[in-house]
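Asker: Input: one structure, supplied below.
There are 2 protein chains.
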Amino acid sequence: MRDVAIIGVGLSKFGERWDSGIKELMAEAGLMALEDANISSNEIEMIFGGTMASGRFMGQEHVAALMSDQLGLNNIPAVRIENACASGGSALRLGYIAVSSGIHDIVVVGGVEKMTDVTASEATTALGGAGDQEWELFQGITFPGLYAMMAKRHMYEYGTTEEMLASVAVKNHANAVKNKYAQFHKNLTIEEVMKSKVVSDPLKLLDCSPISDGAAAVVLAPLERARKYNDTPIKILASSQARDTLRLAERDTLTGIKATSIAAEKAYRQAKITPKDVSIAEVHDCFTIAEIMAMEDLGFYKKGKAGKAIMDGETALGSKLSVNTSGGLKGCGHPVGATGVKQAVEVVWQLRGEAGDRQVNGANIGLTHNVGGSGATSVVHVYKRAD
Amino acid sequence: MRDVAIIGVGLSKFGERWDSGIKELMAEAGLMALEDANISSNEIEMIFGGTMASGRFMGQEHVAALMSDQLGLNNIPAVRIENACASGGSALRLGYIAVSSGIHDIVVVGGVEKMTDVTASEATTALGGAGDQEWELFQGITFPGLYAMMAKRHMYEYGTTEEMLASVAVKNHANAVKNKYAQFHKNLTIEEVMKSKVVSDPLKLLDCSPISDGAAAVVLAPLERARKYNDTPIKILASSQARDTLRLAERDTLTGIKATSIAAEKAYRQAKITPKDVSIAEVHDCFTIAEIMAMEDLGFYKKGKAGKAIMDGETALGSKLSVNTSGGLKGCGHPVGATGVKQAVEVVWQLRGEAGDRQVNGANIGLTHNVGGSGATSVVHVYKRAD
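See the structure below:
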């Protein structure tokens, strides 16, 4: 297996993109990534495109082929990867495997979702397809409901408070204010989050990531060839993915996501690091409780300790471990298929020292954590600037 | 790169499966494949699941995770692969890469589609997502329309007749009669096809593959370990995929599918064979014209010559080159995400000598050909019984 590096990254503005359809979003991010990699399109050998529910959102399947068309890349294989909200992370992992194994040299991994062309109710139903349709959605439970149950249990077992949940949103919005690609540029207070409308008790509107449009792309190459394209290649130290049951009811625990613990353990082993070595992490905060669980499942905090730590500012921008510097799903937005790839883009910018106002000084090792559904899929990647 | 073998295959009955949902179909095919491979589920390392439009057909995304749940395979990575009607073929290719590269030893490749829970009109719209939604479907053209244009042009340039088209359906239904898994067990005559209702001139109802439910699965292993599980491993000699533009209007030609020519050329080179060496082929006959074009694009016949050859019976069951012995998409049914995997299952049965009434004696080298959309994606695999 060869070492793999990210040699180019691109991102569209996230948000309610009434000006753009799925094609324009893909072109915005994809062409930026190709330009960033100083690469001509005829060097690209394959496209892995992550999208969750383009069929429900826009009637469009065969999305990787469309992505490839938009970037002018004909005749090369393109595949769409779908794993609910972990579609982008899973696409990145398959792209990594393709390059690492030597099957391909240069591949593009893209992620995209155009979610605002349907009503909020239609979007919620489409997103429900990330769980078990028959056993969960048909019984009346939506995704806020699934995560609310996890939050309730976490509060019951560990004394996690609604204020701790709210502090995740406050931190991530503060980071998003410094990110021009973010959907929201508005600081929040704990009081504002606490007073926002209840969606599914204890989760309020401002505990939930938004409905978003957006796209992201990265270009991968074998590390030994990376400097031909780019002076600051970012090496992928580890790529791992694990699963738990799709149905929440069948899990061993509601207070954590076992797929994340398993994927993280494998990733740390592959990267030969411990959680203490990570200086920046983009974690999957689809709901505020999800970030608290992620911090525990990834081994950054003991079970039940992350909520208070986040409220105490231990993971704020510029800390020893800065979490969701992009603004996370909550502040930057969550176009579901794009999210896993966007996380990699943010880590690359941080490790290159190109994150502008939100640059974490001395960022050395980065981690991304992308969850599908209520935790049936979890994908973890670890990155470091190549020596 | 290691040699890869298929060590187990499974198939559900194809058809209007009112008795079964997507989960039951996946279990039917998946458990049969595991049993056929004499393998215990804890040896499986990853699942690649092909599905085209489960979101539109049933509101269910995250399908590979569901597949994995149904087979009792927790904690291992699962990804859904979507490439329209080539989802199954693309999933097989990624499974092949995973094993060939040494990343994984044993993987399951599944394909499934449950299409009959929506109206025919909803299904046609969902399938339209295989093309360019904005430039094709929104303008009023459905998939029969796209293939009808190809048929018209093929007739104009090469003198292909409606009777030649009809003879594809007649041949494939004759094969399906001998396949207990097939959707249709009814012989057709050319007259019956010719008299069936026009769907999109010159294509009539009986020129079109049906709306189907079904699932298929194969188990892959490194060839060197294959005999541990199975006495008759089938070696994958080649796996290749190519693309053309998603939009029919932008193609170089309407009388063939360039993605198929490119994928086939690469596959023959990898397998070190010529088209003459192939004794059985499962080709993508979503419409009768598609089989005629496939026979030409795959190099079995010169351009414009396949229609007459098929009508003359040159590719009937038991010929030197027997095509669509399963009944093809037309006779066996076309649950879109399952089709590419089902083609591999049929070839494995033929090469093992287990195809029962439809066994082709001396079947030596098999080929499968799976197309996405109107030809934006084409996937070709070549197989041989391991020595």
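Going down the list, the sequences are from chains A and D.
Per the numbering used here, the first sequence starts with residue 1, numbered consecutively.
Per the numbering used here, the second sequence starts with residue 1001, numbered consecutively.
Note that beta-carbon positions come from the ideal geometry of N, C-alpha and C, so glycine has one too.
Please read these numbers as outputs of a predicted model, since none were measured by experiment.
So the candidates are A:SER20, A:LYS320 and A:ASP297; which of them puts its Cα closest to the Cα of A:TYR268?
Answerer: As a first step, residue 268 of chain A must be located in the first sequence, where it is residue number 268. Cα-wise, what sits closest to A:TYR268 is A:ASP297.
Asker: Go ahead and pull the three-state DSSP assignment for A:TYR229.
Answerer: Position 229 of the first sequence holds residue 229 of chain A. Note: A:TYR229 maps to coil in three-state DSSP.
Asker: When you compare only the Cα positions, how much space is there between A:ALA53 and D:ASP1387?
Answerer: Position 53 of the first sequence, counted from the first residue, corresponds to residue 53 of chain A. Position 387 of the second sequence, counted from the first residue, corresponds to residue 1387 of chain D. Answer to the nearest angstrom: the Cα atoms are 44 Å apart.
Asker: List, from N- to C-terminal side, the alpha helix (DSSP H) runs of 4 residues or more that fit wholly inside the region 206-270 of chain A.
Answerer: Runs found: 223-226.
Asker: Is D:PRO1077 close to chain A, meaning its C-beta is less than 7 Å from at least one C-beta of that chain?
Answerer: To locate residue 1077 of chain D, count along the second sequence from 1; it is residue 77. Chain A, which has a Cβ nearer than 7 Å to the Cβ of D:PRO1077, makes this yes.
Asker: Taking 7 Å as the CB-CB cut-off, is A:GLN70 touching chain D?
Answerer: Along the first sequence, one-based indexing puts residue 70 of chain A at 70. Cβ-Cβ to chain D under 7 Å: no for A:GLN70.
Asker: Starting from the Cα of A:GLY89, find the closest Cα among A:LYS272, A:VAL336 and A:GLU354 and give me that residue.
Answerer: Reading the first sequence from its first residue, position 89 is the one you call residue 89 of chain A. Nearest option by C-alpha distance: A:VAL336.
Asker: So A:LEU94 contacts chain D; which residues on that side make the cut at Cβ distance below 8 Å?
Answerer: Along the first sequence, read from residue 1 onward, the residue named residue 94 of chain A stands at position 94. The contacting residues are VAL1079 and LEU1094.
Asker: Count the other CB atoms, across all protein chains shown, that sit within 10 Å of the CB of D:ALA1064; report buried if there are 16 or more and exposed otherwise.
Answerer: As a position in the second sequence, residue 1064 of chain D is number 64, starting the count at 1. Burial call: buried.
Asker: When you compare only the Cα positions, how much space is there between A:LEU165 and A:LEU317?
Answerer: Mapped onto the first sequence, residue 165 of chain A falls at position 165. Mapped onto the first sequence, residue 317 of chain A falls at position 317. So the alpha carbons of these two residues sit roughly 17 Å apart.
Asker: Can you tell me whether A:ASP285 is buried or exposed? The criterion is at least 16 other CB atoms within 10 Å of its CB, across all chains shown.
Answerer: Counting from 1 along the first sequence, the entry for residue 285 of chain A is found at position 285. Looking at its Cβ environment, which holds 16 or more other Cβ atoms inside 10 Å, A:ASP285 is buried.
Asker: Would a C-beta distance cut-off of 7 Å place D:THR1288 and D:ASP1207 closer than the cut-off?
Answerer: Translated into positions along the second sequence, residue 1288 of chain D becomes position 288. Translated into positions along the second sequence, residue 1207 of chain D becomes position 207. In contact: D:THR1288 and D:ASP1207 (Cβ atoms closer than 7 Å).
Asker: Give me, in chain order, the residues of the same chain whose beta-carbon lies closer than 6 Å to that of D:ALA1176; leave out the 5 immediate sequence neighbours on both sides.
Answerer: One-based indexing of the second sequence puts residue 1176 of chain D at position 176. Within the same chain, D:ALA1176 has close Cβ partners ALA1182, PHE1184, GLY1327, GLY1331 and CYS1332.
Asker: As a quick exercise: from A:VAL360, A:SER212, A:LYS272 and A:TYR156, pick the residue whose alpha carbon is nearest that of A:SER279.
Answerer: Locating residue 279 of chain A in the first sequence gives position 279, where the first residue counts as 1. The shortest C-alpha separation from A:SER279 is found at A:VAL360.
Asker: Ordered along the chain, which non-local residues of its own chain (more than five positions away) have a Cβ less than 7 Å from that of D:ARG1093?
Answerer: On the second sequence, position 93 is the one that residue 1093 of chain D refers to. SER1239, GLN1241 and VAL1379.
Asker: Exposed or buried, A:ASN42, counting other C-beta atoms within 10 Å across all chains shown (16 or more means buried)?
Answerer: Sequence index remark: in the first sequence, residue 42 of chain A carries index 42 (1-based). By the 10 Å Cβ count, A:ASN42 comes out exposed.
Asker: Check this for me: beta carbons of A:GLY372 and A:CYS85, under 7 Å apart or not?
Answerer: Counting from one through the first sequence, the residue named residue 372 of chain A turns up at place 372. Counting from one through the first sequence, the residue named residue 85 of chain A turns up at place 85. For A:GLY372 and A:CYS85, yes; Cβs fall inside 7 Å.
Asker: Since I believe D:LEU1071 is in contact with D:LEU1025 (beta carbons under 8 Å), could you give me their beta-carbon distance rounded to a whole number of angstroms?
Answerer: Within the second sequence, numbered from 1, the residue matching residue 1025 of chain D stands at position 25. Within the second sequence, numbered from 1, the residue matching residue 1071 of chain D stands at position 71. Actually they do not touch by this definition, with Cβ atoms about 12 Å apart.
Asker: Apart from the five residues on each side of it in sequence, which residues of its chain come closer than 6 Å, Cβ to Cβ, to D:ALA1271?
Answerer: Residue mapping note: residue 1271 of chain D aligns to position 271 of the second sequence, counting from 1. So the list reads LEU1237, ALA1238 and VAL1382, once near-sequence residues are dropped.
Asker: Between the C-alpha atoms of A:ILE257 and D:GLU1250, what's the straight-line distance to the nearest angstrom?
Answerer: For this step, residue 257 of chain A is matched to residue 257 along the first sequence. For this step, residue 1250 of chain D is matched to residue 250 along the second sequence. Roughly 46 Å between the two C-alpha positions.
Asker: Nearest to A:GLY95 by alpha carbon, out of A:GLY356, A:PRO275 and A:ALA344?
Answerer: Within the first sequence, residue 95 of chain A is the residue found at index 95, counting from 1. Among A:GLY356, A:PRO275 and A:ALA344, the Cα nearest to that of A:GLY95 is on A:ALA344.
Asker: Quick one: what's got a C-beta closer than 6 Å to A:GLY375's C-beta in the same chain, skipping five residues either side?
Answerer: The sequence position of residue 375 of chain A within the first sequence is 375, counting from 1. Excluding positions up to five away in sequence, the list reads ASP244, ILE257 and ALA259.
Asker: Using a beta-carbon distance below 7 Å, is D:GLU1082 in contact with chain A?
Answerer: Residue mapping note: residue 1082 of chain D aligns to position 82 of the second sequence, counting from 1. True, the Cβ-Cβ gap to chain A drops below 7 Å.
Asker: Mapping DSSP to helix, strand and coil, what is D:ARG1385?
Answerer: As a working mapping, residue 1385 of chain D is identified with position 385 in the second sequence. It is a strand residue.
Asker: Note down the Cα distance separating D:TYR1147 from D:THR1255, rounded to an integer number of angstroms.
Answerer: Position 147 of the second sequence, counting from 1, holds the residue named residue 1147 of chain D. Position 255 of the second sequence, counting from 1, holds the residue named residue 1255 of chain D. Their backbone Cα atoms lie some 10 Å apart in a straight line.
Asker: Is DSSP giving D:ILE1052 helix, strand or coil here?
Answerer: For the purposes of this step, residue 1052 of chain D is taken as residue 52 along the second sequence, with counting starting at 1. It should be noted that the sequence gives Met, not Ile, for residue 1052 of chain D. In this structure, D:MET1052 counts as coil in the three-state DSSP scheme.
Asker: Could you tell me whether the Cβ of D:LEU1246 comes closer than 7 Å to any Cβ of chain A?
Answerer: As a working note, residue 1246 of chain D is residue 246 in the second sequence. Output row for D:LEU1246: interface = yes.
Asker: What are the boundary residues of the beta strand (DSSP E) that includes A:SER68?
Answerer: Locating residue 68 of chain A in the first sequence gives position 68, counting from the first residue. Per DSSP, A:SER68 belongs to no beta strand (DSSP E); it is in the alpha helix (DSSP H), 63-70.
Asker: Is there a Cβ of chain A sitting closer than 7 Å to that of D:GLY1055, yes or no?
Answerer: Against the second sequence, residue 1055 of chain D aligns to sequence position 55. For D:GLY1055, the answer is yes, since a Cβ of chain A falls inside 7 Å of its Cβ.
Asker: Between the region 1319-1338 of chain D and chain A, which residues of the former have a C-beta closer than 9 Å to a C-beta of the latter?
Answerer: Taking 9 Å as the Cβ-Cβ cut-off against chain A, none of the residues of the region 1319-1338 of chain D qualify.
Asker: Could you give the distance in angstroms between the alpha-carbon of A:ILE44 and the alpha-carbon of A:ALA98?
Answerer: As a first step, residue 44 of chain A is located in the first sequence; it is residue number 44 there, counting from the start. As a first step, residue 98 of chain A is located in the first sequence; it is residue number 98 there, counting from the start. So the two alpha carbons sit approximately 12 Å from each other.
Asker: State whether the region 1114-1121 of chain D contacts the region 118-129 of chain A, with contact taken as three or more CB pairs (one from each stretch) at a distance under 8 Å.
Answerer: The region 1114-1121 of chain D, when compared against the region 118-129 of chain A, does not touch it at the 8 Å Cβ threshold.
Asker: Quick check on this structure: which residue in A:VAL107, A:GLU61 and A:GLU134 has the alpha carbon closest to the alpha carbon of D:LYS1023?
Answerer: The residue you call residue 1023 of chain D lines up with position 23 of the second sequence. Out of A:VAL107, A:GLU61 and A:GLU134, A:GLU134 has the C-alpha closest to the C-alpha of D:LYS1023.
Asker: Take D:LYS1180 and list the residues in its own chain whose beta-carbon comes closer than 6 Å to its own, dropping the five residues that flank it on each side.
Answerer: Here residue 1180 of chain D refers to the residue found at position 180 of the second sequence. None.
Asker: Do A:ALA29 and A:GLY15 count as a contact pair if the criterion is CB distance below 7 Å?
Answerer: As a first step, residue 15 of chain A is located in the first sequence; it is residue number 15 there, counting from the start. As a first step, residue 29 of chain A is located in the first sequence; it is residue number 29 there, counting from the start. No, the pair does not count as a contact, with Cβ atoms beyond the cut-off.
Asker: Excluding five sequence neighbours on each side, which residues of the same chain lie with their C-beta closer than 7 Å to the C-beta of D:ASN1187?
Answerer: As a first step, residue 1187 of chain D must be located in the second sequence, where it is residue number 187. So the list reads HIS1173, ALA1174 and VAL1177, once near-sequence residues are dropped.
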